[in-house]
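Asker: Residues in the sequence shown are numbered consecutively from 2, following my numbering. For glycine and all other residues, C-beta sits at the position ideal for the given N, C-alpha and C.
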Amino acid sequence: MEAAKTSLPENAYRPLKEGEKYYPIVPEDKPLREVTTYSLLWGLFYSAVFSMAAAYLGLKIGQVFEAAIPIAILAVGASAFMKRKNALSENVIIQSIGAASGVVVAGAIFTLPAIYILDLEAKFFQIFLASLFGGFLGILFLIPFRKYFVKEMHGEFPFPEATATTEVLVAGEAGGQQAKILLKAMTVGGIYDFIIGTFHWWGEVFESRAVPFLTGIADNFKLVFRLNVGAAVMGLGYIVGLKYAAIIAAGSFVSWFAFVPLVYYFGQHIDVIVGVSATKLIAEMSAEQIFSTYVRHIGIGAIAAAGIMGIIKSSKIIGGAVKLAWVEIAGGKALARGEQTRMNKDLPMGVVGVLILLTGVLIFLFFRFGVVSNALHTIVGVAIVLVISFLFTTVAARAIAIVGTNPVSGMTLMTLIISSVILAKAGLSGATGMLSALIIGGVVCTALSMAGGFVTDLKIGYWLGTTPVQQQKFKFLGTLVAAAAVGLVIMMLNETYGFVGPKALPAPQANAMAAVIKPIMSNQPAPWMLYVIGALFALTLETIKVPPLAFALGMYIPLELNTPILAGGIIAYLVARSSKDEKVSNKRREKGTLIASGFIAGGAIMGVLSAFLKFVKFDEIEFIKPVLTEDWAGSHGGQLLGFGVFLVLCTYMYLDAKRAKE
């Protein structure tokens, strides 16, 4: 078997010129082995293990980690240890199957533990089937859009997580200088983030309150600057690039430096509690509390509106995909297409259409006999699931393609509100209404999470030369294993710890969902005005040609996660313009991408390790306690040190990238 190339082409990350083509690492006419017993078993193994680990740690500690990069690193390491030659395409399949774990877990634990929180009766099959059917819908609804996101928009979206995973897989296969650069960056970024997450030698988040003369501004005007000093988040920003990083940061700045102070300015003299989710007077709130209670809902409204506008703008693409599926089903055979080559081979649209119909029928039976007893309510529930999942699939995929962060919790929150209102109008309320809305939310949340995660897998496959239909077929198996694993873990954790009470598991996202759904099903209002403000804001952005989804993501995602993305984007801009010689600048930019990927990979691996150590109470070991400085990390001195170390890390990244020669 002929070996593949061991480096990405020069045009991998940029738009193609007129008449230019992209040739992946694995040639079209000389494929490497892909789905083998080796890749299938390892992929399913990682899907089961990482599903249990992610669900366990996510609910126990409140941290959810992405599994794609750690699985890619383990796959590369295993093939190297076993001296398995030309394992690149096998490793892509392993990563694609195994990565079902992270997205299914996110969909499940964001919503389904709320069943227990609201003291409703939950059964294993409800959790399992909600996760399974949601995952299947996410896969099926994305397949018709693969060509658009992955091929036609080549170089238009940064795909940060896919870029980092691809660089890991390529460097592992290539070895040599690329592997050394990646390994060095993984070591630096991993140790840096491990120190923050485990030993707390400096603060993870720098706040402007740490600077004495800015403390009064934060307290009196609710103007606060926040920065996460992690290496992984900054590396993400480098890959996102300055254009999108600036738009995302601008959205965040509007939320934190305009809306938050405005809410305080006009609300500080109001002597009654305002808002359905508020628990105290606005005058008594911090900037962070004002953001989470009021301003974040504006971001949710902006995301929903930006998503709807994106759907309208993509109507031709959506219509074309539906038409193609219908023609194939009606004609009984696939359309004659000149591009039906290995790299363009998807599951036939007719098959996709039939599978969507079958999944819809199974969801109907699940709802009818496992959730509600009324046929009308069942039909309404299934309609909500199918319509919202289908329409917002493109939104989830676009969000991942732009910033690497899927706003699935925001879209699910909106889904819960919409479904609760519709179900209530249809006559369903109380305990059954809440259970129905949560199951619907669980299916939709998992579908959108899967769509965002799967577009990452398909982009990796496109860059490297994996056959798309192979990724698509075997993603279903990974989803099946992940859904079963997460269902078992949620049931076990409820029996062991519970989700309610003084020693209950945090489950922060599920608690937020429960807090939203309970008043609606009890005929209390939702913050509709805030959603409308966000929607109008997104509409204004569209009229002035500012990408509304990227801006809305910034409004919704906390400030401390957007500012390091901007820092990484600035570094990418400076590196790309550090030489007048275009070839030298390209080399430096490519090396910077490799360093950023190493930071992301190292941070991901060490984040999992830090969470595990926290879970096993590593910080309570006597001889370890003296080196842990969590109180210091939260102090002003610890935050200032963190800011200083972050500047050193940024400088290191810029200078190391500049060392690349033609």
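Would you call the CB atoms of Val296 and Val261 closer than 7 Å?
Answerer: Position 295 of the sequence shown, counted from the first residue, corresponds to residue 296. Position 260 of the sequence shown, counted from the first residue, corresponds to residue 261. Going by C-beta atoms, Val296 is nearer than 7 Å to Val261.
Asker: Could you check where the beta strand (DSSP E) with Phe111 kicks off and where it finishes?
Answerer: Reading the sequence shown from its first residue, position 110 is the one you call residue 111. First-last for Phe111: undefined, no H or E at that position.
Asker: Apart from the five residues on each side of it in sequence, which residues of its chain come closer than 8 Å, Cβ to Cβ, to Val649?
Answerer: Position 648 of the sequence shown, counting from 1, holds the residue named residue 649. Closer than 8 Å at Cβ, skipping near neighbours: no residue.
Asker: Excluding the 5 residues flanking Asp657 on each side, which residues of the same chain have their C-beta closer than 7 Å to its C-beta?
Answerer: What you label residue 657 is simply residue 656 of the sequence shown in a count that begins at 1. Cβ neighbours of Asp657 beyond the five flanking positions: Ile596.
Asker: Could you pull the DSSP bridge partners for Val206 from this structure?
Answerer: Reading the sequence shown from its first residue, position 205 is the one you call residue 206. Partner(s): Asn229.
Asker: What is the rounded straight-line gap between the Cα of Val255 and the Cα of Pro559?
Answerer: As a first step, residue 255 must be located in the sequence shown, where it is residue number 254. As a first step, residue 559 must be located in the sequence shown, where it is residue number 558. Whole-angstrom Cα-Cα distance: 12 Å.
Asker: Out of curiosity, what's the CA-to-CA distance linking Phe125 and Ala384?
Answerer: Against the sequence shown, residue 125 aligns to sequence position 124. Against the sequence shown, residue 384 aligns to sequence position 383. Their Cα atoms are separated by approximately 24 Å.
Asker: What ranges does the alpha helix (DSSP H) occupy inside the region 26 to 85, keeping only unbroken runs of at least 4 residues that lie completely in it?
Answerer: Counting only runs of 4 or more, we get 38 to 62, 69 to 82.
Asker: By DSSP, does Ile534 sit in helix, in strand, or in coil?
Answerer: Sequence index remark: in the sequence shown, residue 534 carries index 533 (1-based). Three-state DSSP puts Ile534 in a helix.
Asker: By the 10 Å Cβ neighbour count, where 16 or more other Cβ atoms means buried, how is Gln640 classified, buried or exposed?
Answerer: In the sequence shown, residue 640 corresponds to position 639, counting from 1. It counts as buried.
Asker: Alpha carbon to alpha carbon, how far is Lys317 from Ala337? Give it in angstroms, no decimals.
Answerer: Stepping through the sequence shown from its first residue, residue 337 is reached at position 336. Stepping through the sequence shown from its first residue, residue 317 is reached at position 316. Reliability fails at Ala337, whose pLDDT of 46 lies under 50, so the model's placement of it is uncertain and the value that follows must be treated cautiously. Taking the straight line from one Cα to the other gives about 21 Å.
Asker: Looking at the unbroken alpha helix (DSSP H) that takes in Lys659, where does it start and where does it end?
Answerer: Numbered from its first residue, the sequence shown carries residue 659 at position 658. Lys659 -> alpha helix (DSSP H) spans 637 to 659.
Asker: Relative to the C-alpha of Ile518, which candidate in Phe214, Val50, Gly434, Val386 has its C-alpha closest?
Answerer: Counted from its first residue, the sequence shown places residue 518 at position 517. Taking only the C-alpha atoms, the option nearest Ile518 is Gly434.
Asker: For Ile271, does the three-state DSSP call read helix, strand or coil?
Answerer: Residue mapping note: residue 271 aligns to position 270 of the sequence shown, counting from 1. Reduced to three states, the DSSP call for Ile271 is coil.
Asker: Taking the alpha helix (DSSP H) that Val628 falls in, what are its first and last residues?
Answerer: As a position in the sequence shown, residue 628 is number 627, starting the count at 1. Run containing Val628: none; DSSP gives neither H nor E here.
Asker: Which runs of the alpha helix (DSSP H) at least 4 residues long sit entirely within the region 123 to 206? Give them in chain order.
Answerer: With a minimum length of 4 residues, the continuous alpha helix (DSSP H) runs that stay inside the region 123 to 206 are 125 to 143, 161 to 175, 177 to 195.
Asker: In its own chain, which residues sit with a C-beta less than 8 Å from the C-beta of Leu41, not counting the 5 before and 5 after it?
Answerer: The count along the sequence shown starts at 1 and reaches residue 41 at position 40. Cβ within range, chain order: Ile94, Ile98, Phe475, Leu478.
Asker: Given a cut-off of 7 Å, decide if Leu465 and Pro25 are closer than it, judged by their beta-carbon atoms.
Answerer: Indexing the sequence shown from 1 puts residue 25 at position 24. Indexing the sequence shown from 1 puts residue 465 at position 464. Against a cut-off of 7 Å, the Cβ pair of Leu465 and Pro25 comes out as a contact.
Asker: Are Val381 and Ala438 close, meaning C-beta to C-beta below 7 Å?
Answerer: Translated into positions along the sequence shown, residue 381 becomes position 380. Translated into positions along the sequence shown, residue 438 becomes position 437. In this structure, Ala438 does not lie closer than 7 Å to Val381 by Cβ.
Asker: Span of the alpha helix (DSSP H) holding Gly443?
Answerer: Within the sequence shown, the letter at position 442 stands for residue 443. Residues 431 to 465.
Asker: Using DSSP with H/G/I as helix, E/B as strand and the rest coil, what is Leu224?
Answerer: In the sequence shown, counting from the first residue as 1, residue 224 sits at position 223. Three-state result, Leu224: coil.
Asker: For Thr379, which three-state DSSP category applies?
Answerer: The count along the sequence shown starts at 1 and reaches residue 379 at position 378. If DSSP states are grouped into helix, strand and coil, Thr379 belongs with the helices.
Asker: Who are the Cβ neighbours of Arg210 in its own chain at under 6 Å, not counting the five residues just before and after it?
Answerer: Position 209 of the sequence shown, counted from the first residue, corresponds to residue 210. Excluding sequence neighbours, Arg210 sits near Thr216, Ala219.
Asker: If I follow the unbroken alpha helix (DSSP H) through Ala486, where does it start and stop?
Answerer: Numbered from its first residue, the sequence shown carries residue 486 at position 485. Taken as a continuous stretch (DSSP letters only), the alpha helix (DSSP H) holding Ala486 covers 469 to 497.
Asker: In terms of residues, what are the limits of the alpha helix (DSSP H) holding Met350?
Answerer: Locating residue 350 in the sequence shown gives position 349, counting from the first residue. 350 to 371 is the span of the alpha helix (DSSP H), which, as asked, contains Met350.
Asker: Once you ignore the five residues that flank Phe647 on each side, which residues in its own chain have a CB closer than 6 Å to its CB?
Answerer: On the sequence shown, position 646 is the one that residue 647 refers to. Cβ within range, chain order: Val230.
Asker: For Arg590, which residues of its own chain have a beta-carbon under 6 Å away from its beta-carbon, when the five flanking residues on both sides are left out?
Answerer: Within the sequence shown, numbered from 1, the residue matching residue 590 stands at position 589. Counting only Cβ-Cβ distances below 6 Å, and skipping sequence neighbours, we find Val576, Ala577.
Asker: Are the Cβ atoms of Ala73 and Leu170 separated by less than 7 Å?
Answerer: Here residue 73 corresponds to residue number 72 of the sequence shown, with the count starting at 1. Here residue 170 corresponds to residue number 169 of the sequence shown, with the count starting at 1. Yes. Within cutoff.
Asker: Short check: CB of Gly443 to CB of Thr112, under 7 Å?
Answerer: Looking up residue 443 in the sequence shown gives position 442. Looking up residue 112 in the sequence shown gives position 111. In this structure, Thr112 lies closer than 7 Å to Gly443 by Cβ.
Asker: When the Cβ atoms of the region 441 to 455 are set against those of the region 131 to 144, are three or more pairs found closer than 8 Å?
Answerer: Yes, the region 441 to 455 is in contact with the region 131 to 144.
Asker: Any idea if Pro213 is buried or exposed, counting beta-carbon neighbours within 10 angstroms, 16 or more meaning buried?
Answerer: Looking up residue 213 in the sequence shown gives position 212. Flag for Pro213 reads exposed.
Asker: Checking 7 Å against the spacing of the C-beta atoms, do Val77 and Gly173 come in under that value?
Answerer: By one-based count along the sequence shown, residue 77 stands at place 76. By one-based count along the sequence shown, residue 173 stands at place 172. Contact flag set, yes.
Asker: Looking at the structure shown, is Ile558 part of a helix, part of a strand, or coil, going by DSSP?
Answerer: Here the question's residue 558 lines up with position 557 in the sequence shown. Ile558: coil per DSSP, three-state reduction.
Asker: With burial defined as no fewer than 16 other Cβ atoms inside 10 Å of the residue's Cβ, what is the status of Trp529: buried or exposed?
Answerer: One-based indexing of the sequence shown puts residue 529 at position 528. Looking at its Cβ environment, which holds fewer than 16 other Cβ atoms inside 10 Å, Trp529 is exposed.
Asker: Is the CB-CB distance between Arg147 and Leu348 below 7 Å?
Answerer: Walking along the sequence shown from the start, residue 147 turns up at place 146. Walking along the sequence shown from the start, residue 348 turns up at place 347. No, the pair does not count as a contact, with Cβ atoms beyond the cut-off.
Asker: I need the boundaries of the alpha helix (DSSP H) containing Tyr245, first residue and last residue.
Answerer: For the purposes of this step, residue 245 is taken as the residue at position 244 of the sequence shown. Run containing Tyr245: 243 to 255, per the alpha helix (DSSP H) assignment.
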